Amino acid sequence: MRIRRTLAGLAVAAAATIGAGTVAATPAHAAGPSKVSVVHGIPGQPVDVYVNGAKTLDNFQPSTVAGPLDLPAGKYDIVLVKPGDLVSSPILKVDQAAVPADANITLVAHLSADGKPAVTPFVNDVSKIAAGKARLVVRHTAAAPAVDVRAGGQPVFKGLTNPNEAKADLAAGSVSADVVLAGTTTVAIPAANLNLAEGTSTIVYAVGSAEGKTLGVVAQKIEGLHSTPGGVPSGTGGLLEQRTPWGWYAVAAVAVIALAGGGAVAIRRRAHV
Amino acid sequence: MHARTGALRGHGSGARRALVVPAALLLALGACSQDPPPSVGGAAASALASSPAAASGGIPVQAGALPGAAATVAPEQLRIDRLKLTARVDAVGIDAATGDFAVPPSVDEVGWYRYGPGLEATAGSIVIAGHVDSAEQGKGAFFRLRELAPGDAVTVTGGDGVRRAFTVVAREIFAKTAVPLERYFARDGAPRLTLITCGGPFDTRTRHYRDNVVITAQPAAR
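One line per chain: the protein sequences are D and H, in this order.
Taking our numbering, the leading residue of the first sequence gets 5, the next gets one more, and so forth.
Taking our numbering, the leading residue of the second sequence gets 4, the next gets one more, and so forth.
(1) Compare the C-beta of residue 213 (chain H) with all C-beta atoms of chain D and state if any pair is closer than 7 Å.
(2) Quick one: give me the first and last residue of the alpha helix (DSSP H) that residue 186 (chain H) is part of.
(3) Examine the Cβ distances between the segment 143-153 of chain H and the segment 119-126 of chain H and report whether three or more of them are shorter than 8 Å.
(4) Any beta carbon from chain D within less than 7 Å of residue 136 (chain H)'s own beta carbon?
(5) Using a C-beta to C-beta distance shorter than 9 Å, which residues of chain D count as neighbours of residue 2 (chain H)?
(6) Check whether the Cβ atoms of residue 110 (chain H) and residue 143 (chain H) lie closer than 7 Å to each other.
(7) Looking at the structure shown, is residue 81 (chain H) part of a helix, part of a strand, or coil, going by DSSP?
(8) First and last residue of the beta strand (DSSP E) that includes residue 128 (chain H)?
(9) Out of D:194, D:129, D:215, point me to the one whose CA is closest to residue 109 (chain D)'s CA.
(10) What ranges does the beta strand (DSSP E) occupy inside the segment 97-134 of chain D, keeping only unbroken runs of at least 3 residues that lie completely in it?
(11) Just the C-alpha distance for residue 226 (chain D) and residue 70 (chain H), rounded to the nearest angstrom, thanks.
(12) Should residue 96 (chain D) go down as buried or exposed, given a rule of 16 or more other Cβ atoms within 10 Å for buried?
(13) State the beta-bridge partners of residue 199 (chain D) as determined by DSSP.
(14) Does chain D have any CB closer than 7 Å to the CB of residue 65 (chain H)?
(15) With a cut-off of 8 Å on the beta carbons, I'd call residue 73 (chain H) and residue 201 (chain D) a contact; round off their distance for me.
(16) Could you spell out the range, first to last residue, of the alpha helix (DSSP H) harbouring residue 186 (chain D)?
(17) Quick one: what's got a C-beta closer than 8 Å to residue 190 (chain D)'s C-beta in the same chain, skipping five residues either side?
(18) Can you check which of these residues, D:245, D:182, D:43, is closest to residue 211 (chain H) by C-alpha distance?
(19) What first and last residue would you give for the beta strand (DSSP E) that runs through residue 51 (chain H)?
(20) Tell me the DSSP secondary structure of residue 112 (chain H) in three-state form.
(21) Is the Cβ-Cβ distance between residue 218 (chain H) and residue 174 (chain H) less than 7 Å?
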């Protein structure tokens with residue numbers, strides 16, 4: 005059993021989104037709830053998840069992603085137990101975890117570098133992605149040493165350690181990626197095809213244990229981060245202006261009659277004075 | 004009263020009218036050759052864009068498998084009988100140099116925005132853009148797009164061979180600096196087809212049109 009209080013770090017990480025934040029003083033912008041997802045990255049151990057004493061996830065399976073659910077800003081007690089066990093006999097618990105306002109967070113139940121169960125919160129980057137691009141985030145949440153992540157054979161993220169992340173916005177599309185021990189070509193997690201959808205953040209968690217030979221990945225997707233093209237330039241000829249279809253002459257004639265009529269009335273009015 | 008106006012009319016108004024009428028004629032013709040037809044159906048287009056998604060209950064739990072390739076149905080042919088138009092549709096993305104929509108260079112072809120929804124989509128805007136014209140190639144596939152009006156039929160054939168019928172609900176004209184692209188490149192809201200080209204006054208110095216013409220169509224009732 006291990007208690008990590010890293011959730012408190014969230015308050016700092018998301019300070020930008022809270023701003024002057026502690027709410028009561030800023031009625032103009034009421035602080036909204038945060039989107040909270042939960043990733044299960046502990047191999048072989050389904051769990052029930054309790055939040056503030058209430059069972060929130062039942063028989064939550066390894067390598068699955070729950071949420072997002074809306075949680076108002078505040079402090080939360082989070083307890084993981086074996087399915088059916090009492091909340092008083094936890095596998096893992098986090099007391100008074102701080103959830104900030106207006107953030108997008110993933111809580112990851114995983115193994116620490118030395119193989120102990122832990123819960124680590126990550127604040128997800130949900131800023132808009134340029135048109136044509138996709139965001140790739142890799143999080144080291146496995147009982148394993150530092151790693152490099154390679155895409156197309158080239159290291160893109162180097163020296164990543166548990167429990168940290170690396171990210172980049174890349175051209176949308178398919179890329180073959182693998183994970184090697186940092187600075188080596190020793191493959192820790194074999195190559196897999198990553199389909200990076202445009203305007204989407206794909207978050208890949210390295211999970212499991214090197215020693216236990218249970219290393220693997222869990223993926224989470226956050227959609228709707230797309231931007232629009234800068235514009236739609238679709239004409240350089242200027243030919244529209246060289247053409248006045250007969251229909252427009254008819255419209256013009258009506259306008260002329262209306263204007264002429266209006267002009268005559270105006271003249272009459274003026275003559276009255 | 005009738006007699007009075009009749010008498011007054013003789014008092015120099017004939018000469019004034021002689022000036023007013025040609026001036027009005029020039030103004031009217033000038034305006035018509037530059038201004039596109041007015042926008043129609045904007046409210047309908049907005050309503051489609053803000054159509055709410057179905058609410059779901061409970062906390063969703065998903066397998067954390069790596070995402071696979073999406074099964075998108077690309078539009079391959081566009082037919083608009085009203086304009087006597089049949090055009091090939093290319094899958095296009097973003098012009099890397101400019102960040103703009105990569106409209107196909109050939110003015111006879113139109114481009115489907117492959118990052119947005121395809122024909123299989125149950126939500127969002129399927130976008131096809133094409134040239135109104137080009138300096139080198141002349142009139143483009145969408146030269147007469149601005150003549151479309153609510154009720155006109157548009158047919159799109161997908162890579163799956165299925166023809167899908169749409170009905171125009173709106174024609175909107177925006178200055179390019181003010182076109183609400185988020186609405187037309189949205190991936191939510193009711194499923195709809197958006198056709199875009201250029202229009203409005205042409206700047207002979209920059210060789211660009213001022214406006215975008217945007218047609219919104221919804222799946223035809225079957």
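C-beta: ideal position from N, C-alpha, C; glycine also.
Please read these numbers as outputs of a predicted model, since none were measured by experiment.
Answer, in terms of the structure:
(1) no
(2) 184-187
(3) no
(4) yes
(5) As displayed, chain H neither begins before 4 nor continues past 225, which places residue 2 (chain H) out of reach and without an answer.
(6) yes
(7) strand
(8) 128-133
(9) D:129
(10) 108-115, 121-127
(11) 11 Å
(12) buried
(13) D:178
(14) yes
(15) 6 Å
(16) Here residue 186 (chain D) belongs to no alpha helix (DSSP H), and DSSP marks it neither H nor E.
(17) 184
(18) D:245
(19) Residue 51 (chain H) -> not in any beta strand (DSSP E); alpha helix (DSSP H) instead, spanning 45-52.
(20) coil
(21) yes
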